[in-house]
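Chains as they are written, first to last, in this note's numbering: chain A, 1 to 255; chain B, 1001 to 1317.
Cβ coordinates follow ideal geometry from the N, Cα and C atoms, glycine included.
Before any comments, here is the structure.
Next comes the structure, spelled out in structure tokens:
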């Protein structure tokens, strides 16, 4: 049973780890956010930073948000991988074996989660180099990875669901245009919601990115996480995963 | 004992009938061919028999199980070889085999895979990326993958399309060999007459979604064969004689005779040498069988293929 999912997931993982370009994306994108965007407030007086962001280092503020956001961004690749399998006929090969369709979906989603998780240690290391002081304990790192796994599963599912029935190369790019920026800016990944207009606050309050950013901010910066947020992310992941599995069984075809 | 038994198997895409109530049986251990032009319904038939797409009507037993009510059991007892060679090019030959083995639920797959790679003479390349394999090696790897789960039936969709003459001959031998050595029933589709003739124990000739004749290649030639003389008339020339066994399309006249050599002179005299632009003689072959059954060559029937795919596309929207 698990053998089939294992085989399909190992395929995804090997393709990720062997692709030079995948490494370039996984490393460069979040690191560039951290360095370029993170440095944009470095000249702001310390008191202002502390009153706005509750930390004197903006990079420290966006690190937890950026970890979650870049996990969302790379979710696109699970959709691309699925479309590639349709295009090259590999999906036919899989579906002619006694493999249930939802295993195909689960493997893509776990692949998406893996891409997200690869970024975490890289980003943590870069932040330390940039002078961010964090509460790094086995517990905080464990919670960070767990929450990012939930975020990765949730958003990779969302991506795969959106492109379940298409074989168009361009679809993932279009979907990412539509969901990445609104989700990122409506979350508290980059800015606290204190100055959001009320409609944006509403979106922010259901946005999983907010929960991931706040959870890990509390964990890494103040050592005071809200465990309910982790629960929220777990529910998000589970709902998306179940929804995706059901829809895949119904709507996924080999070509 | 039948490996495949279809009953009124039908696939419709919208109003278009891609496969139209076909019924045939394939005995265990046979090499059975579906011969027909592109768009005749061969691939759609394979898709239904492998459980990739459900039939609109009818049913089939493959390896003893219904493709409608028990597709999972069918899928674990078959192998499949695509026309375009589908492998994961980024993974090694060995990794491709591993995935296939796990997906089909093969225990002890390593021994089986090693044995098969040895059988096909590609064991030494097992750690090379599949993308770096030659076309022949890729075909062999794909067949090895199809044999991993010791299937009762292997489906081969146009197994030699796009291959050069030498590789094609090698493929034919391979197909005969695995049919014998692994006692596997083979159902293949093809639009190459020579392939059907030399490879298949029995043939179904399929055109426009229907099986129009089914027998051994020899019997088909006996029944529907004979030589065909094809006369191309000069522009403006009219055929003034009434001949038996004749089909006329545009400026082309096809006459079926028992022996072309002896009939040729009489025929030229009857039609009138001045009216003739060219003459072609088809000696008894499956080509002739096909012409006699459908009233046209494969190429002429193939013209419908484009319309067929356009209709499928429209129906899917």
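Residues of its chain near residue 38 of chain A, where Cβ-Cβ distance is below 7 angstroms and the 5 sequence neighbours each way are ignored: 58, 59, 62
Partners in chain B for residue 254 of chain A, counting only beta-carbon separations shorter than 9 angstroms: 1047, 1052, 1053
Neighbouring residues, chain B, relative to residue 115 of chain A (Cβ below 8 angstroms): Result: empty, since nearest Cβ-Cβ is about 16 angstroms, beyond 8 angstroms.
Residue 1277 of chain B, enclosing beta strand (DSSP E) - first and last residue: 1276 to 1282
Check whether residue 1260 of chain B and residue 1289 of chain B have beta carbons under 9 angstroms apart: no
Whole-Å CB distance - residue 1067 of chain B paired with residue 1146 of chain B, under 8 angstroms assumed: Not a contact, Cβ separation roughly 18 angstroms.
Nearest residue (CA-CA) to residue 159 of chain A, options A/74, A/103, A/202, A/70: A/74
Cα-Cα separation between residue 1298 of chain B and residue 1291 of chain B, rounded to whole angstroms: 8 angstroms
DSSP three-state assignment for residue 996 of chain B, whether helix, strand or coil: Because chain B in this structure spans residues 1001 to 1317, residue 996 of chain B falls outside the shown range and cannot be described.
For residue 1234 of chain B, the nearest candidate out of B/1252, B/1173, B/1220 (CA to CA): B/1252
Cβ pair residue 1026 of chain B, residue 1153 of chain B closer than 9 angstroms: yes
Residues near residue 193 of chain A by beta carbon distance below 6 angstroms, same chain, minus five either side: 201, 204
Same chain, Cβ closer than 7 angstroms to residue 1073 of chain B, neighbours up to 5 away in sequence not counted: 1065
Min CB distance residue 138 of chain A to chain B below 9 angstroms: no
Three-state secondary structure assigned by DSSP to residue 226 of chain A: coil
Rounded separation between residue 1042 of chain B and residue 1189 of chain B - CA only: 6 angstroms
Rounded separation between residue 242 of chain A and residue 33 of chain A - CA only: 32 angstroms
Inter-residue spacing [alpha-carbon to alpha-carbon] between residue 1131 of chain B and residue 1090 of chain B: 6 angstroms
Within 8 angstroms of chain B by C-beta, residues of the segment 86 to 119 of chain A in sequence order: 88, 89, 90, 92, 93, 94, 95, 96, 97, 98, 99
Any chain A beta carbon closer than 9 angstroms to residue 1177 of chain B: no
Coarse secondary structure for residue 113 of chain A, derived from DSSP in three states: helix
Chain B contacts from the segment 232 to 254 of chain A (Cβ-Cβ distance under 9 angstroms): 253, 254
C-beta contact flag for residue 1185 of chain B and residue 1004 of chain B at 9 angstroms: yes
Assigned secondary structure, residue 1053 of chain B (DSSP; H/G/I helix, E/B strand, else coil): coil
Exposure of residue 163 of chain A, with buried meaning 16 or more beta-carbon neighbours within 10 Å: buried
Element boundaries [beta strand (DSSP E), containing residue 1155 of chain B]: 1153 to 1157
Residue range of the unbroken alpha helix (DSSP H) whose run includes residue 1027 of chain B: It is not in any alpha helix (DSSP H) - residue 1027 of chain B instead sits in the beta strand (DSSP E) that spans 1025 to 1027.
Residue of A/18, A/46, A/17, A/83 minimising C-alpha distance to residue 252 of chain A: A/83
Host beta strand (DSSP E) of residue 1213 of chain B (start-end): 1210 to 1215
Local conformation of residue 1072 of chain B per DSSP, three classes: helix
C-beta neighbour in chain B for residue 217 of chain A, strict 9 angstroms: no
Residue 1197 of chain B beta carbon less than 9 angstroms from that of residue 1286 of chain B: yes
Proximity below 9 angstroms, CB of residue 15 of chain A to CB of residue 1088 of chain B: yes
Supposed close pair residue 31 of chain A, residue 126 of chain A - CB separation, criterion 8 angstroms: 5 angstroms
For residue 1060 of chain B, the residue or residues it bridges with in DSSP: B/1006
Secondary structure, beta strand (DSSP E): runs of 3+ residues fully inside the segment 1127 to 1209 of chain B: 1153 to 1157, 1185 to 1190, 1202 to 1207
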